[in-house]
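In the UniProt record's numbering, the protein residues as written are 1 to 273.
Here it is in structure tokens:
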């Protein structure tokens, strides 16, 4: 069924990732615990301000490798939940292969509008481009990454200079169904804002190479969003690889970024080469 044919209750279920994954809270708790350990490790450069608001902060984790590329990660939570502090363990896989990692926080809705959230994400990328090398991060290549709502934010930054590639995981690229459902109660988008902030509506020729990943056990709407964006990106003449991960749901897929041998970690390695 096309999402426009769904009533609001059905549409809300179609995007309820936490409801679809029985152990979603356990995954979040596991990440928070592992992330606390990662943030406590020597060498971390924490809470660097890229803007004036409380959550406009970036954490950076050095791999120690000379001439290292840098991965900048945006967390998910439907733009209204979670924080960068709970996702620092996403650095574990890339760091094991000599890739520096940064995580960007951003103001959550409804304290910010969606337009403001996207502007903050773009400001975070611009800050990394301007400041990373001064902080001792070589940034031989800049690779963006994002999960769920973070995939949307990373996709909203692909046109910025110095962005070489991106790993987009289980992202949202067409905000029209989000605007039509209960998730919009906190986001407060009107139809025009949802159109303006939908990456799939504004694809232009772009040098950034993408890997677009999703779990094969994800909700159908999440799978569709990724497949449609990949098709549209390629139709514009851009480079994209699709990466459906067998057996993975919306949460378990990120274990493949935490693990040094995970398929998402391998994708980051490819994009960083």
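Quick reminder that beta carbons are idealized off the backbone N, C-alpha and C, glycines included. All values reported here derive from a predicted model rather than from experimental measurement.
Which two residues bound the contiguous beta strand (DSSP E) that contains residue i?
i, result
"residue 61", "57-61"
"residue 125", "Taken as a continuous stretch (DSSP letters only), residue 125 belongs to no beta strand (DSSP E), being part of the alpha helix (DSSP H) at 114-131."
"residue 111", "No beta strand (DSSP E) holds residue 111; DSSP gives it neither H nor E."
"residue 145", "142-147"
Within this structure, are the beta carbons of residue i and residue j separated by less than 8 Å?
i, j, result
"residue 89", "residue 31", "yes"
"residue 276", "residue 148", "For residue 276 there is no data in the structure shown, the boundaries of the chain being 1 and 273."
"residue 162", "residue 145", "no"
"residue 164", "residue 141", "yes"
"residue 250", "residue 198", "no"
"residue 61", "residue 38", "yes"
The alpha helix (DSSP H) that contains residue i, what's its start and end?
i, result
"residue 255", "255-258"
"residue 223", "220-235"
"residue 3", "Counting along the chain, residue 3 falls outside any alpha helix (DSSP H), and DSSP gives it neither H nor E."
"residue 265", "263-272"
"residue 20", "17-20"
Please report the Cβ distance between residue i and residue j, rounded to the nearest whole angstrom; I am assuming they are in contact, meaning their Cβ atoms lie under 8 Å.
i, j, result
"residue 3", "residue 50", "Residue 3 to residue 50, Cβ: 34 Å. No contact."
"residue 158", "residue 225", "With a Cβ gap of about 16 Å, residue 158 and residue 225 do not count as contacting."
"residue 188", "residue 113", "7 Å"
"residue 214", "residue 223", "5 Å"
"residue 260", "residue 93", "5 Å"
"residue 143", "residue 264", "Wrong, their Cβ atoms sit about 12 Å apart, outside the cutoff."
"residue 267", "residue 243", "6 Å"
Problem - Sufficient close CB pairs (3 or more, under 8 Å) joining the stretch 6-19 to the stretch 211-221 - result: Touching, yes, given that three or more Cβ pairs across the two stretches are closer than 8 Å.
Practice task
Could you say if the stretch 90-102 and the stretch 53-71 meet the contact criterion of at least three C-beta pairs nearer than 8 Å?
Solution key: These segments touch.
Handout entry: At least three beta-carbon pairs within less than 8 Å, the stretch 202-212 to the stretch 222-233
Key = With a cut-off of 8 Å, the stretch 222-233 and the stretch 202-212 count as touching, because enough Cβ pairs lie within range.
Problem - Continuous alpha helix (DSSP H) assignments of at least 4 residues falling wholly in the stretch 57-103 - result: Considered as a whole, the stretch 57-103 harbours 92-95 as its complete alpha helix (DSSP H) runs of no fewer than 4 residues, in chain order.
Handout entry: Touching by the beta-carbon criterion (3+ pairs, under 8 Å), the stretch 170-190 and the stretch 5-14
Key = The answer is yes - the stretch 5-14 touches the stretch 170-190, with three or more Cβ pairs under 8 Å.
Practice task
Report yes or no: do the stretch 146-162 and the stretch 112-128 share at least 3 C-beta pairs separated by less than 8 Å?
Solution key: Yes, they touch.
Handout entry: the stretch 124-141 touching the stretch 44-53, judged by at least three CB pairs closer than 8 Å
Key = When Cβ pairs closer than 8 Å are counted between the two stretches, the stretch 124-141 is seen to touch the stretch 44-53, the count reaching three or more.
Practice task
Tell me the start and end of each unbroken beta strand (DSSP E) in the stretch 30-56 that is at least 3 residues and wholly inside, in chain order.
Solution key: Counting whole runs of 3 or more residues, the stretch 30-56 contains the beta strand (DSSP E) stretches 45-49.
Practice task
Jot down the residue ranges of each uninterrupted beta strand (DSSP E) in the stretch 155-227, minimum 3 residues, whole runs only, in chain order.
Solution key: As far as the stretch 155-227 is concerned, its whole beta strand (DSSP E) runs of at least 3 residues are 165-169, 209-215.
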